[in-house]
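Numbering (the working numbering), first residue to last: 1 to 419.
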Amino acid sequence: MTLATPHSLLKQTDLCVKCGLCLPHCPTYVKTRDEGNSPRGRIALIEGLAKGRLTPTPRLEEHLNTCLTCRACEKVCPSGVRYGAIIDAGRALIHSGREPSALTKLVTNKPLLRLASRALRVYQRSGAQALARASGLLRFGGADRLDSLLPPLSPPPMWREYYPPSGKQRGEVTLFTGCIAEVTDTVTLHAAIRLLTACGYGVHVPRAQVCCGALYQHDGFPEQARRLAGQNLAAFSALKVDAVISTVSGCGAQLAEYEQLLAENEQSRHFARSVQDISQFLAGIDWPENITFAPLHQRVAIHEPCTLRNVLGQQTHPYTLLRKIPGIEPVALPGNAQCCGAAGTYMITQPALADTLRNDKLAALDTSGADILVSSNIGCALHLAAGIRESGKPVEVLHPVALLARQLGNGPDSKGNTP
Numbered sequence: 001m002t003l004a005t006p007h008s009l010l011k012q013t014d015l016c017v018k019c020g021l022c023l024p025h026c027p028t029y030v031k032t033r034d035e036g037n038s039p040r041g042r043i044a045l046i047e048g049l050a051k052g053r054l055t056p057t058p059r060l061e062e063h064l065n066t067c068l069t070c071r072a073c074e075k076v077c078p079s080g081v082r083y084g085a086i087i088d089a090g091r092a093l094i095h096s097g098r099e100p101s102a103l104t105k106l107v108t109n110k111p112l113l114r115l116a117s118r119a120l121r122v123y124q125r126s127g128a129q130a131l132a133r134a135s136g137l138l139r140f141g142g143a144d145r146l147d148s149l150l151p152p153l154s155p156p157p158m159w160r161e162y163y164p165p166s167g168k169q170r171g172e173v174t175l176f177t178g179c180i181a182e183v184t185d186t187v188t189l190h191a192a193i194r195l196l197t198a199c200g201y202g203v204h205v206p207r208a209q210v211c212c213g214a215l216y217q218h219d220g221f222p223e224q225a226r227r228l229a230g231q232n233l234a235a236f237s238a239l240k241v242d243a244v245i246s247t248v249s250g251c252g253a254q255l256a257e258y259e260q261l262l263a264e265n266e267q268s269r270h271f272a273r274s275v276q277d278i279s280q281f282l283a284g285i286d287w288p289e290n291i292t293f294a295p296l297h298q299r300v301a302i303h304e305p306c307t308l309r310n311v312l313g314q315q316t317h318p319y320t321l322l323r324k325i326p327g328i329e330p331v332a333l334p335g336n337a338q339c340c341g342a343a344g345t346y347m348i349t350q351p352a353l354a355d356t357l358r359n360d361k362l363a364a365l366d367t368s369g370a371d372i373l374v375s376s377n378i379g380c381a382l383h384l385a386a387g388i389r390e391s392g393k394p395v396e397v398l399h400p401v402a403l404l405a406r407q408l409g410n411g412p413d414s415k416g417n418t419p
C-alpha cells in the first residue's frame with residue numbers, strides 16, 4: 001500500500017459506489033448540507049481533477065479545503081475506500097507548484113518554532129499580551145485567533161537523550177516529542193517520561209527527530225512530508241526499542257502510516273508497527289505493584305480525538321488508565337464521534353466551521369457535568385481550551401497521562417519538570 005498518486009487515485013475513487021452511508025458521519029456535510037462538502041461529493045470533484053474534466057477553481061478548492069480529514073467516513077465505508085489518502089492526493093493536485101503556507105512552514109520547523117515560542121513567552125510575561133488584547137490591535141490580520149489559542153508557555157525543554165527506568169528495568173522505548181506539543185504541552189511529555197520510567201522503561205529522546213509531517217501531508221505537500229518522514233525514520237531506527245511512543249494522537253496517526261508514505265520496506269514497516277499512543281502502551285503493560293495514585297473525587301470527561309478514534313482505533317485506553325485513580329468518575333464526552341473542529345491548522349484557516357463544531361463540544365461538556373476535560377491530541381486540547389476560556393467555564397483541559405501523573409507520588413510539578 002503506497003501513497004496515492006494521480007494514477008492510483010483513479011482506481012481508489014472508482015471504489016466509491018456513492019452509496020451515501022458516509023453522509024451522516026461527515027461533520028461538514030451535517031453542518032452545511034452541501035453535497036460538495038460530503039465525502040462522495042469531494043471524491044467526485046477529485047476524480048474530475050485527476051481525469052482532467054475539472055480545473056481548480058476557488059469554489060472547488062474551498063470544498064476540498066473545508067474537509068477536516070477526520071476520516072469518520074473512512075471508518076464506516078462498506079467498500080473500504082481510503083478517503084484519507086484520496087483527500088490528501090486531491091489537495092496535492094490543486095497545490096502542485098505552490099508553496100506551503102507560512103504557518104505550516106513555521107510549525108513544522110522545530111528550531112524556528114522554538115525561537116518563536118521564546119518570543120511569545122516574553123510577549124506573555126512582559127504584559128504585552130494583555131496590552132495587545134485590551135487595545136484591540138490583535139483584530140487586525142486575524143492575530144486575535146492565534147492569540148486566543150495560546151496557553152501560558154513554559155521555557156522550551158532541554159531534553160536528555162536518555163531517561164533511565166526507576167527500579168527493575170522492563171524494557172526500552174523512544175519518545176516522539178512533536179512540534180506544537182513540545183512548546184505548548186511540555187507537562188504531558190514530562191508526565192509520559194515519569195510514568196514510563198516509573199513502570200520500568202528506559203526512555204530515549206532522539207535529538208535528530210523532526211516534525212511528523214502531518215500538516216504538510218494533509219495540506220497537499222507530500223514531498224515535504226516524505227522528507228520529514230525520512231529524517232524521523234533515520235533518527236528512530238538506530239535505536240533498538242520495544243515501542244515508539246507518541247503523546248499526540250495526530251502525530252501518532254501520521255507516524256503509524258509512514259509505511260504508506262515512504263517506500264514499503266522492512267525498515268518503514270517495522271517503524272510504523274512500533275508506533276503506539278502513550279495511553280495504548282501504558283494500558284497494555286503490567287504495572288509494578290508499588291505504584292499508587294492519590295484519590296480524585298471528580299468527574300472527568302474524555303474527548304476522543306478523530307485520529308485516536310478513526311485512524312488508530314485506540315480510544316478505549318484513556319478510560320482504562322484513568323480508572324487507576326481512586327474515586328475518579330471518567331465519562332465519555334457526548335458526541336465523541338463528531339470532530340471538534342481543530343484538525344491541525346483548520347481551527348485557524350476555517351474558523352467559522354471550526355467554532356460551530358467546537359460549540360457542540362462545549363454544549364456536550366455542559367451536559368456531562370465534568371470538572372476536567374481530557375484529550376489525547378494537543379490541537380484538539382488547544383482548540384477546546386480556548387472555547388472554554390471564552391465561555392468562562394471552570395473546566396481544566398489536559399492530557400489523560402498528565403492527569404494520571406499528577407496523581408502519582410513525586411510526579412511532574414505544575415511546570416512539567418521531572419525530578
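Built from N, CA and C at the ideal position, the CB exists for glycine as well.
Counting C-beta pairs with one atom in each stretch, the stretch 291 to 305 and the stretch 368 to 377 have three or more that are closer than 8 Å, which means they touch. Rounded to the nearest whole angstrom, the C-alpha separation of P100 and Q224 is 9 Å. When secondary structure is reduced to three states using DSSP, D277 falls in the strand class. Approximately 4 Å separates the beta-carbon atoms of L68 and A343; this is inside 8 Å, confirming the contact. In this structure, the beta-carbon distance from D360 to G392 does not fall below 7 Å. Just so you know, the alpha carbons of T292 and L189 end up roughly 20 Å apart. Going by beta carbons, T174 and V241 fall inside the 7 Å limit. Using a C-beta cut-off of 8 Å, the stretch 232 to 247 makes no contact with the stretch 214 to 223, since fewer than three inter-stretch Cβ pairs fall below that distance. By the neighbour-count criterion, in which 16 or more other beta carbons inside 10 Å mark a residue as buried, F176 falls on the buried side. Scanning N232, R269, S237 for the CA closest to the CA of C251 turns up N232.
Here DSSP, grouped into helix, strand and coil, assigns G171 to strand.
In terms of Cβ geometry, H25 and L45 do not form a close pair [threshold 7 Å].
Shortest Cα-Cα distance from L255 to any of A272, E266, Q267 involves A272.
Note on the stretch 100 to 141: whole alpha helix (DSSP H) runs with a minimum of 4 residues are 102 to 108, 110 to 125, 128 to 135, in chain order. Taking C-beta separations shorter than 6 Å and ignoring five residues to either side along the sequence, the partners of S166 in its chain run T197, A198, following chain order. The DSSP-derived three-state label of S79 is coil. Residue pairing of R299 in beta bridges, as defined by DSSP: E329. The Cβ atoms of P206 and A235 lie closer than 7 Å to each other. For I372, the uninterrupted beta strand (DSSP E) run begins and ends at 372 to 375, by DSSP. Around the Cβ of E266, a 10 Å sphere holds fewer than 16 other Cβ atoms; the residue is exposed. By the 16-neighbour rule on beta-carbons within 10 angstroms, G90 is buried. Excluding the 5 residues flanking it on each side, L113 has same chain C-beta neighbours closer than 7 Å at L106, V107, C179, V183, in chain order. Sixteen is the threshold: when 16 or more other Cβ atoms of the shown chains lie within 10 Å of the Cβ of M347, as they do, the residue is buried. The beta carbon of A92 is closer than 8 Å to those of G220, F221, P222 in its chain, skipping five residues each way along the sequence.
In terms of CA proximity to I193, S279 leads the group C77, S279, N310.
Per the DSSP secondary-structure output, I245 pairs in a beta bridge with L175, Q276. Around the CB of V122, fewer than 16 other CB atoms lie within 10 Å, so the residue is classed as exposed. Annotated three-state conformation of F236 is helix, per DSSP.
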